[in-house]
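Residues in the sequence shown are numbered consecutively from 30, following my numbering.
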Amino acid sequence: MKKRLAFISEHASPFGVLGGVDSGGQNVYVGQLAKHLAAMGYTVDVFTRRDNTLLPEVADWVDGV
Numbered sequence: 030m031k032k033r034l035a036f037i038s039e040h041a042s043p044f045g046v047l048g049g050v051d052s053g054g055q056n057v058y059v060g061q062l063a064k065h066l067a068a069m070g071y072t073v074d075v076f077t078r079r080d081n082t083l084l085p086e087v088a089d090w091v092d093g094v
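Below you can see the structure in the form of structure tokens.
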């Protein structure tokens with residue numbers, strides 16, 4: 030059975046554009062950690078705020094995340 034993790038990142042979204050108002054270290058770290066864990070075979074769900082109401086509520090980012 031595949032292991033599944035949930036990340037909660039209410040401050041910074043990994044989808045945020047670098048250099049934006051709320052984009053910096055945390056969103057990069059959360060995004061990279063999720064990608065690396067997925068590459069190791071984990072399924073990672075990231076719960077975060079939606080920076081833009083035009084974005085979907087649920088999105089598949091990369092395989093496993």
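Positions of the beta carbon are idealized from the N, C-alpha and C atoms, including for glycine.
Residue i vs residue j beta-carbon contact at 8 Å
i	j	result
A35	D74	yes
Q18	H40	Since the first residue shown for the chain is 30 and the last is 94, residue 18 is missing from the structure and cannot be characterised.
R79	E86	yes
Beta-bridge partners of residue i, as assigned by DSSP
i	result
P38	As written in the sequence, residue 38 is Ser, which differs from the Pro given in the question. Looking at the DSSP assignment, S38 forms a beta bridge with T77.
T72	R33
Residue i versus the options, residue with shortest Cα-Cα distance
i	options	result
N81	M30, P43, I37, K32	P43
M30	V57, V59, H65, Y71	Y71
R33	L84, A88, M69	M69
Helix, strand or coil at residue i [DSSP, three-state]
i	result
A88	coil
V57	helix
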